[in-house]
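What follows is a set of notes on a single structure, which appears directly below.
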């Protein structure tokens with residue numbers, strides 16, 4: 005490992021109501037991958053946003069190659085060779101890849117105001133080639149998969165000749181194969197002397213990719229340790245400030261045999277193809293698959309959020325018509341979107357209002373007035389029952405951490421008396437401590453007789469939580485596994501069972517070709 | 027690179043037929059259909075004189091709509107273009123008639139007035155963070171009030187400068203090619219459209235307008251000074267309003283201070299019919315031009331069929347709603 009590139013000392017930062025960073029420190033050497041971990045709200049992103057010029061520090065020093073620097077804007081950070089790839093994909097969907105890569109510093113023609121798109125197309129193509137990315141610079145960003153968009157963001161960061169590359173949760177939306185590709189690129193960059201900060205919640209990745217790990221908690225830097233010699237257990241205990249044991253699989257007891265929901269012959273264009281399944285009362289049914297396998301689409305169809313070509317829904321044995329989310333809610337079905345902020349919550353409203361929202365009719369009196377004492381009581385009840393960490397129920401949901409926001413969404417659907425809950429990536433972007441709380445909550449709900457569909461891209465999570473697992477690929481159900489038979493390998497095999505390789509009897513033509521296609 | 031080019035040609039062709047192009051095609055077919063309908067309904071409709079007058083009628087609204095296109099592509103809105111146009115007309119009138127300045131100076135004064143108004147709207151939006159709807163609503167009333175104050179609530183006539191009316195209604199082409207006396211207004215509209223298309227497609231300003239409309243935060247994080255560029259885009263929109271002000275003053279041979287309210291909605295309607303998305307990120311100048319033509323062709327045709335003016339408004343409203351609805355259906359199908 006090389007010289008110290010970045011040295012942050014005594015960094016302090018306050019937001020209204022939150023002391024986000026308290027004398028935090030962090031250093032980064034050339035040619036290392038330095039992982040930054042901590043629970044949500046620990047201050048990792050805030051610290052890195054200060055380094056990349058998005059936030060301004062209240063106090064402290066940033067040394068870049070032993071020289072003190074001020075970083076007032078993202079542009080200034082770029083000029084210093086510091087780039088950050090954000091958790092959310094930050095591309096302009098309506099622009100081409102090349103236009104995205106060069107946004108803000110387009111090469112100009114002789115007259116300074118004019119763009120030179122040929123030049124950026126050529127330069128972007130060369131950049132993609134150097135990363136061994138097979139993409140056309142003239143494609144619109146909207147036409148790419150999330151994984152490819154991520155690669156484009158990396159290419160964009162590299163085009164600045166960045167010495168420091170900060171990646172915030174880069175693997176959150178990627179499949180295993182895509183993660184391998186990402187790691188290959190990260191290792192190449194590291195070997196070229198780039199210093200990489202790697203923020204991740206996936207602790208199991210850290211040994212694979214990182215050299216050192218810095219743990220943050222409650223706005224403070226706890227310690228920096230060697231990645232190879234430190235156990236995950238030890239890192240988790242530093243993160244949460246207490247030792248918790250490696251999570252053992254905790255599949256709850258077998259549910260009873262009553263079928264809560266049955267879906268037959270569900271079709272929607274190319275996205276959902278002849279999907280049939282049932283969900284038992286008190287069961288957690290896992291939906292596994294790669295991104296774009298059609299799991300979310302199935303959930304949205306069941307919830308009445310998208311129109312379908314065909315499909316029959318039975319709730320407790322009775323055929324029901326679900327044409328809109330309103331119908332679904334009326335039949336006791338709730339959907340908790342993977343994108344909480346966009347579809348699950350009214351961020352500007354407070355905890356009480358959000359919890360009351362889906363079951364609002366319960367609180368409306370005869371004259372159309374809202375029964376405030378009832379909503380307050382319900383909100384307080386769920387804040388206690390779900391252990392939502394909030395100063396009070398008047399807190400705006402925007403100011404809660406990801407895990408607590410998720411709990412508010414759960415509280416909202418419980419208020420609406422839903423019996424069937426569809427969780428889409430329930431722990432995305434949620435830290436380890438809060439994750440296990442969500443898992444407990446799901447188990448409790450199932451034991452209370454709620455029926456749960458859990459869509460997840462994290463295989464350990466699926467394996468740990470589900471009674472049964474349905475695997476999807478390209479809009480079809482490619483297999484169903486009981487919790488006893490399921491392994492990560494088996495799920496991945498089913499999840500990559502593409503249509504072209506399936507013969508008439510539904511079996512893969514040959515194991516070898518499946519594997520080849522899975523890699524492609 | 028030959029193989030790469032061959033491999034990439036296909037998706038490019040596909041994307042040309044998609045998205046923005048589809049709406050343009052739709053709008054263009056609608057224009058043709060409307061034209062055929064009125065041609066069959068009235069023989070007078072397709073006479074060269076009438077077609078020329080449709081084009082002249084499109085000119086002012088079209089130029090206003092060009093400016094609005096940029097603003098809407100950034101996911102913003104400008105409600106002030108109509109009254110800013112009037113204010114520009116009044117200022118030109120003051121310069122030329124009251125101050126006796128030469129006509130070219132009057133034109134520059136008009137353009138500067140519009141640009142300044144747009145610049146102020148832009149500063150309110152980008153610096154003071156006032157929502158575009160409110161900021162430009164304020165500017166709309168400010169410009170209207172100033173027009174009335176400056177003119178003394180009386181029209182300013184350009185009777186001392188006979189050449190002024192020729193800016194729009196004269197025909198430079200007609201002087202060169204006898205018998206082809208297309209009024210200048212038409213060429214001003216097409217010239218302004220070419221300039222607008224060039225700015226949108228080839229310059230930094232156009233690129234950033236699309237980027238801001240597509241994802242403002244990402245654009246900011248990419249190191250683009252979003253506030254400055256937004257201000258510039260509103261100023262550009264204002265410049266087009268200024269041009270429209272000079273044009274309408276020339277066409278009426280007077281600056282009418284009470285005019286202007288309602289023009290902004292017609293301009294926005296033209297932009298929307300042309301397929302520019304109110305949520306930002308996409309839109310084309312050609313689409314806006316077609317949108318403006320649809321509106322003025324309708325107005326003209328309905329008038330020829332003696333449909334009362336009140337009903338013309340109703341029909342235009344229905345067309346706007348239909349255009350947006352078709353766009354929504356098209357997007358859902360994707």
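Protein chains in written order, with the numbering used here: chain A, 5 to 524; chain B, 27 to 360. Built from N, CA and C at the ideal position, the CB exists for glycine as well.
Would you mind telling me which residues of chain A sit closer than 9 angstroms to residue i, beta carbon to beta carbon, in chain order?
{"i": "residue 262 of chain B", "result": "The premise fails here: residue 262 of chain B is roughly 12 angstroms from chain A at the closest Cβ pair, so nothing lies under 9 angstroms."}
Along chain A, which residues have their Cβ under 7 angstroms away from the Cβ of residue i?
{"i": "residue 308 of chain B", "result": "98"}
{"i": "residue 237 of chain B", "result": "96, 99, 107"}
Which one of the options has the shortest CA to CA distance from residue i?
{"i": "residue 89 of chain B", "options": "B:312, B:327, B:328", "result": "B:312"}
{"i": "residue 108 of chain A", "options": "B:118, B:278, B:63, B:255", "result": "B:255"}
{"i": "residue 470 of chain A", "options": "A:478, A:294, A:479, A:491", "result": "A:491"}
{"i": "residue 17 of chain B", "options": "B:197, B:342, B:143", "result": "The structure shown does not extend to residue 17 of chain B, since chain B is modelled only from 27 to 360, so the question has no answer here."}
{"i": "residue 168 of chain A", "options": "A:233, A:404, A:421, A:31", "result": "A:31"}
{"i": "residue 344 of chain A", "options": "A:401, A:356, A:371", "result": "A:401"}
{"i": "residue 122 of chain B", "options": "B:186, B:261, B:155, B:147", "result": "B:186"}
{"i": "residue 220 of chain A", "options": "A:165, A:175, A:51", "result": "A:51"}
{"i": "residue 100 of chain A", "options": "B:220, B:315, B:233", "result": "B:233"}
{"i": "residue 170 of chain A", "options": "A:477, A:206, A:87, A:163", "result": "A:87"}
Is there a C-beta anywhere in chain B that falls below 8 angstroms from the one on residue i?
{"i": "residue 54 of chain A", "result": "no"}
{"i": "residue 170 of chain A", "result": "no"}
{"i": "residue 107 of chain A", "result": "yes"}
{"i": "residue 492 of chain A", "result": "no"}
{"i": "residue 58 of chain A", "result": "yes"}
{"i": "residue 36 of chain A", "result": "no"}
{"i": "residue 522 of chain A", "result": "Residue confidence for residue 522 of chain A is low, a pLDDT of 37 falling below 50, so the modelled location carries little weight; the figure read from the coordinates is stated next. It does not: the Cβ of residue 522 of chain A has no partner Cβ on chain B nearer than 8 angstroms."}
{"i": "residue 423 of chain A", "result": "no"}
{"i": "residue 173 of chain A", "result": "no"}
{"i": "residue 110 of chain A", "result": "yes"}
{"i": "residue 127 of chain A", "result": "no"}
{"i": "residue 252 of chain A", "result": "Note that residue 252 of chain A has pLDDT 43, beneath the 50 cutoff, so the model's placement of it is unreliable and no number is given."}
Just checking: is the beta-carbon of residue i within a distance shorter than 8 angstroms of some beta-carbon in chain D?
{"i": "residue 118 of chain A", "result": "No chain D appears in the structure shown, which is made up of the protein chains A and B."}
If we cut at 8 angstroms on Cβ distances, does residue i have a partner in chain A?
{"i": "residue 257 of chain B", "result": "no"}
{"i": "residue 141 of chain B", "result": "no"}
{"i": "residue 82 of chain B", "result": "no"}
{"i": "residue 404 of chain B", "result": "Any property of residue 404 of chain B remains undetermined from this structure, which presents chain B solely from 27 to 360."}
{"i": "residue 233 of chain B", "result": "yes"}
Look at the alpha carbon of residue i and the alpha carbon of residue j, and state the distance between them as a whole number of angstroms.
{"i": "residue 128 of chain A", "j": "residue 79 of chain A", "result": "20 angstroms"}
{"i": "residue 69 of chain B", "j": "residue 77 of chain B", "result": "12 angstroms"}
{"i": "residue 349 of chain B", "j": "residue 322 of chain B", "result": "15 angstroms"}
{"i": "residue 317 of chain B", "j": "residue 199 of chain B", "result": "26 angstroms"}
{"i": "residue 67 of chain B", "j": "residue 309 of chain B", "result": "33 angstroms"}
{"i": "residue 418 of chain A", "j": "residue 450 of chain A", "result": "12 angstroms"}
{"i": "residue 173 of chain A", "j": "residue 92 of chain B", "result": "42 angstroms"}
{"i": "residue 10 of chain B", "j": "residue 228 of chain B", "result": "There is no way to answer for residue 10 of chain B, as the model of chain B reaches only from 27 to 360."}
{"i": "residue 153 of chain A", "j": "residue 253 of chain B", "result": "26 angstroms"}
{"i": "residue 6 of chain A", "j": "residue 196 of chain A", "result": "11 angstroms"}
{"i": "residue 55 of chain A", "j": "residue 81 of chain A", "result": "7 angstroms"}
{"i": "residue 458 of chain A", "j": "residue 238 of chain A", "result": "29 angstroms"}
{"i": "residue 92 of chain A", "j": "residue 156 of chain A", "result": "13 angstroms"}
I want to verify the contact list: residues of chain B whose CB lies under 8 angstroms from the CB of residue i, in sequence order.
{"i": "residue 94 of chain A", "result": "241, 243, 244, 247, 248"}
{"i": "residue 90 of chain A", "result": "247"}
{"i": "residue 82 of chain A", "result": "249"}
So residue i contacts chain A; which residues on that side make the cut at Cβ distance below 8 angstroms?
{"i": "residue 155 of chain B", "result": "The premise fails here: residue 155 of chain B is roughly 16 angstroms from chain A at the closest Cβ pair, so nothing lies under 8 angstroms."}
Could you tell me which chain B residues have their CB closer than 9 angstroms to the CB of residue i, listed as they occur along the chain?
{"i": "residue 79 of chain A", "result": "248, 249, 250, 251"}
{"i": "residue 301 of chain A", "result": "Those do not exist, as residue 301 of chain A stays about 14 angstroms from chain B at its closest Cβ, beyond 9 angstroms."}
| Should the segment 332 to 350 of chain A be called in touch with the segment 416 to 428 of chain A, which here means at least 3 C-beta pairs below 8 angstroms? | yes
| request: Inspect the CB distances between the segment 78 to 92 of chain B and the segment 287 to 306 of chain B and report whether three or more fall short of 8 angstroms. | output: yes
| task | Decide yes or no for the touch test of the segment 119 to 137 of chain A against the segment 326 to 342 of chain B: beta carbon pairs closer than 8 angstroms, at least 3 of them. | result | no
| Between the segment 312 to 331 of chain A and the segment 267 to 284 of chain A, do three or more beta carbon pairs fall short of 8 angstroms? | yes
| Is the segment 20 to 37 of chain A touching the segment 213 to 232 of chain A, taking contact as three or more C-beta pairs under 8 angstroms? | yes
| query | Quick one: any contact between the segment 154 to 171 of chain B and the segment 100 to 119 of chain B, if contact means 3 or more CB pairs under 8 angstroms? | reply | yes
| query | Would you say the segment 187 to 198 of chain B touches the segment 273 to 282 of chain B, given that touching needs at least three Cβ pairs under 8 angstroms? | reply | yes
| Within the chosen definition, does the segment 351 to 358 of chain A reach the segment 325 to 334 of chain A through at least 3 CB pairs nearer than 8 angstroms? | no
| request: Pair every Cβ in the segment 354 to 368 of chain A with every Cβ in the segment 382 to 389 of chain A, then say whether three or more of these pairs are closer than 8 angstroms. | output: yes
| query | Should the segment 282 to 302 of chain A be regarded as contacting the segment 453 to 471 of chain A, the criterion being three or more beta carbon pairs within less than 8 angstroms? | reply | yes
| request: May I ask you to verify whether the segment 316 to 325 of chain A touches the segment 289 to 301 of chain A, counting CB pairs closer than 8 angstroms and requiring at least 3? | output: no
| said: Can you confirm whether the segment 280 to 290 of chain B touches the segment 52 to 66 of chain B when touching is taken to mean that 3 or more C-beta pairs between the two stretches lie within less than 8 angstroms? | reply: no
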